[in-house]
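*Asks:* Dumping the structure here so I can ask a few things about it.
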Amino acid sequence: MTTIDTASRRPGSLAQAMARPRFLLTVWPWRALAHSATTVLVGAAVAVAAFPLYLPWVLVLGTVATRPWDTARIGELSLAGFAVGLVMIAAFSPWVALPLGALERRRLGLVSAGPFNGGHRPPPPGLWGWIRTRYTEGATWREVAYMFLLLPVSCLVLAVLSTLASTGAVMALAPFLLHTEPDSAIALGAYTITTPEQAIPLAVVSPVLLVLLLYTSGILAQGHAVIARALLVGPPREELRAELTEVTESRARLVNAFEYERRRIERDLHDGAQQRLVALSMDLGLARLDLDESSEADQRVAAAQTTANDLIDELRGLVRGIHPRVLTDRGLPAALAELADHARVPTRVDTEIPGRLPAHVEGTAYFVVAEALTNVHKHARASAVTVRALMVPDDGPGPGALVVEVTDDGAGGADPAGGSGLTGLRDRVAVMGGIMDLSSPAGGPTRIRVELPCGPIPPTPGL
């Protein structure tokens, strides 16, 4: 019991260790000193490796500093050198910063408790996928910023620690140095020591410099660790997982709220405005019975009745587009059959769906097919369309997935970037945790394949 309690009270980082009176009796001062010493070595190595990147800027600054009277003459050359240096840093600095970031995260273990996640996204296969991912994520450019900060940090660490170490060594060895060379002198600020007897107090006090060196090394290492954590370490995986869970749950609530609101609008239009228009058309028809046939008033009422009937047809189409009643009442197979009946291109529907599916799955599949048929009519110049919907069993205990395929014999060449609605379609499928594949070579055929999981709304693939 005592062993567990003692272990639980051990400091887990340099900052915790420095706050305790037994700091000098632990291994932490030497770990901090090792971190500071390796900081100087790593800083020197990075300065050499990255020297070609900032060489144009060094040349520009050197030219301006040595010839300040000739600034107007060398102005264009300075701007050109600055631009070249900026391009070189933007193009090549990640190749130095990325391995440096990995090394520095390992060195953080000397002064802090891990693990240390770099915050990088997994890149797609291939060199171009790696380059595109690394050059477009913030973690890479934070490591570039750290690379440029490391040089002044390492210079500061070297200057402070070397001054303390050299001063302490001179104080400790002062009696021996003056004894071996009697005619020499040691100057410490305003004081000058010329005899071994005068140097004995310095040797007695020199351990204080060692204590100061260890504490100063700890402070520098801790400050360096704070900078490294801010720039090189991403959020913990547990935090990312919690945020992803929260986003997934909030997205499911938004989807459900959207579906509820859409059904409410469909119900209000169907039971409210549409029924009133039907009643208006009937009243106009009854009014015509009291008018002389072919009279001017009869013609106006007939035109009004025709307009009301046209509005009823348009409203029915609008209601069907918001959320078709047949989808709610009879399910996806009947709704797809109704879509095919109203399609401008001859459409065949094949379904293998044993029962009702979750509402968000049926709604998404319906609108995928509706948007695909609209695109076929507008862009494909097709003569036939085939729609297939079937259930695919899951490998695990899950309910499986719904697969929907829409194939046409049109001209092909569909491009999601061309404004054909395919981008919005892909986004809608992704919100439901599904995937969409598009095959549309030039000359056709075009095939859209969508796979929708039939369980609760899962996280979007790749997030």
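Counting from 3, one number per residue, gives the positions in the sequence shown under our numbering. All C-beta atoms, glycine included, are put in the ideal place defined by N, C-alpha and C. For clarity, every value in this text was computed on a predicted model and none was experimentally measured.
1) Within the region 361-418, note down every full beta strand (DSSP E) run reaching 3 residues or more, in order along the chain.
2) May I ask you to report which of helix, strand or coil DSSP gives isoleucine 450?
3) Assuming leucine 215 and leucine 158 are in contact, meaning their beta carbons sit under 8 Å apart, how far apart are those beta carbons, in whole angstroms?
4) Suppose the cutoff is 6 Å on Cβ atoms and the five residues either side in sequence are ignored; what does the same chain contact list for proline 455 look like?
5) Given a cut-off of 8 Å on the beta-carbon distance, is the pair valine 303 and alanine 289 in contact?
6) Pairing CB atoms from the region 230-237 with CB atoms from the region 24-41, are three or more of them under 8 Å?
7) Mind reading off the beta-carbon distance from arginine 390 to glutamate 407? Whole number of angstroms is fine, and I expect it under 8 Å.
8) Suppose only complete runs of 3+ residues qualify. What are the beta strand (DSSP E) ranges in the region 170-242, listed by chain order?
9) Could you tell me how far apart the beta carbons of threonine 353 and glycine 412 are, in whole angstroms, since I believe they sit closer than 8 Å?
10) Taking 8 Å as the cut-off, decide whether the C-beta atoms of isoleucine 314 and leucine 279 are in contact.
11) Decide if threonine 8 is buried, meaning its Cβ has at least 16 other Cβ atoms within 10 Å, or exposed.
12) By the 10 Å Cβ neighbour count, where 16 or more other Cβ atoms means buried, how is phenylalanine 489 classified, buried or exposed?
13) Please report the Cβ distance between serine 156 and alanine 227, rounded to the nearest whole angstrom; I am assuming they are in contact, meaning their Cβ atoms lie under 8 Å.
14) Can you tell which of Gly87, Ala176, Pro401, Gly426 has the C-alpha that lies nearest to the C-alpha of arginine 358?
15) Is it right to say methionine 284 is buried, meaning 16 or more other beta carbons lie within 10 angstroms of its own, or is it exposed?
16) Please state the DSSP three-state secondary structure of leucine 300.
17) Given this structure, state the Cα-to-Cα distance separating serine 164 from threonine 40, to the nearest angstrom.
18) Please state whether DSSP places aspartate 294 in a helix, a strand or coil.
19) So threonine 409 and leucine 375 are in contact, right, with Cβ under 8 Å, and what is the actual spacing, rounded?
20) Excluding the 5 residues flanking histidine 122 on each side, which residues of the same chain have their C-beta closer than 6 Å to its C-beta?
21) Who are the Cβ neighbours of threonine 5 in its own chain at under 8 Å, not counting the five residues just before and after it?
22) Return the Cβ separation of serine 15 and leucine 222 in integer angstroms, given the expectation that the two are a contact with Cβ distance under 8 Å.
23) Going by CA-CA distance only, name the one from Trp97, Gly103, Arg107 that's closest to isoleucine 133.
24) Is it the case that the Cβ atoms of alanine 205 and threonine 196 are separated by a distance below 8 Å?
25) If alanine 386 and valine 347 are in contact, beta carbons under 8 Å, what's the gap, nearest whole angstrom?
26) Please report the residue range of the alpha helix (DSSP H) in which valine 351 lies.
27) Cα separation between serine 296 and aspartate 312?
28) How many Å lie between valine 207 and proline 154 at the Cα?
29) Using alpha carbons as the reference points, say which of Val213, Leu211, Val42, Phe84 lies closest to alanine 161.
30) Are there 16 or more other CB atoms within 10 angstroms of the CB of glycine 466, so buried, or fewer, so exposed?
31) If we ignore side chains and look at the alpha-carbon of each, how far apart do leucine 291 and alanine 299 end up?
32) If distances are taken between C-alpha atoms only, which option among Ala342, Arg383, Ile355, His381 comes closest to phenylalanine 369?
33) Ordered along the chain, which non-local residues of its own chain (more than five positions away) have a Cβ less than 6 Å from that of glycine 426?
*Replies:* In short:
1) Unbroken beta strand (DSSP E) runs of no fewer than 3 residues, entirely contained in the region 361-418, are found at 387-394, 403-410, following chain order.
2) Look at isoleucine 450 here: in three-state DSSP terms it is strand.
3) Actually they do not touch by this definition, with Cβ atoms about 15 Å apart.
4) Ala403, Gly435, listed in sequence order.
5) Between valine 303 and alanine 289, the C-beta spacing is below 8 Å.
6) No, the region 230-237 does not touch the region 24-41.
7) Right, their Cβ atoms sit about 5 Å apart.
8) Given a length threshold of 3 residues, each whole run of the beta strand (DSSP E) inside the region 170-242 is given here in chain order: 188-190, 193-195.
9) So it is not a contact: roughly 23 Å between Cβ atoms.
10) Against a cut-off of 8 Å, the Cβ pair of leucine 279 and isoleucine 314 comes out as a contact.
11) Reliability of the predicted coordinates at threonine 8 is poor, the pLDDT of 44 falling under 50, and no value is obtained from them.
12) The question about residue 489 has no answer here: the residues shown for the chain are numbered 3 through 465.
13) Between alanine 227 and serine 156 the Cβ distance is about 14 Å, and since that is not below 8 Å, they are no contact.
14) The candidate whose alpha carbon is nearest that of arginine 358 is Pro401.
15) Classification for methionine 284: exposed.
16) Residue identity check: residue 300 is aspartate in the sequence provided, not leucine. Helix at aspartate 300.
17) In a straight line, the C-alpha of serine 164 is about 13 Å away from that of threonine 40.
18) Of the three classes helix, strand and coil, the one that applies to aspartate 294 here is coil, per DSSP.
19) In this structure threonine 409 is not in contact with leucine 375, their Cβ atoms being roughly 12 Å apart against a cut-off of 8 Å.
20) Hits under 6 Å: Ala141.
21) With a pLDDT of only 44 at threonine 5, under the threshold of 50, the placement of this residue in the model should not be trusted, and no figure is reported.
22) Actually they do not touch by this definition, with Cβ atoms about 15 Å apart.
23) The shortest Cα separation from isoleucine 133 among Trp97, Gly103, Arg107 belongs to Trp97.
24) No, they are not a contact pair.
25) Between the beta-carbon of alanine 386 and that of valine 347 there is about 7 Å, and that keeps the pair under the 8 Å contact cut.
26) Run containing valine 351: none in the alpha helix (DSSP H); it sits in the beta strand (DSSP E), 349-354.
27) Answer to the nearest angstrom: the Cα atoms are 21 Å apart.
28) Straight-line Cα distance between these residues: approximately 31 Å.
29) For alanine 161, the closest C-alpha among the options Val213, Leu211, Val42, Phe84 is that of Val42.
30) Nothing can be reported for residue 466, as the shown portion of the chain is limited to 3 through 465.
31) Taking the straight line from one Cα to the other gives about 11 Å.
32) For the options Ala342, Arg383, Ile355, His381, the alpha carbon positioned closest to that of phenylalanine 369 is the one of Ala342.
33) So no residue of the chain qualifies.
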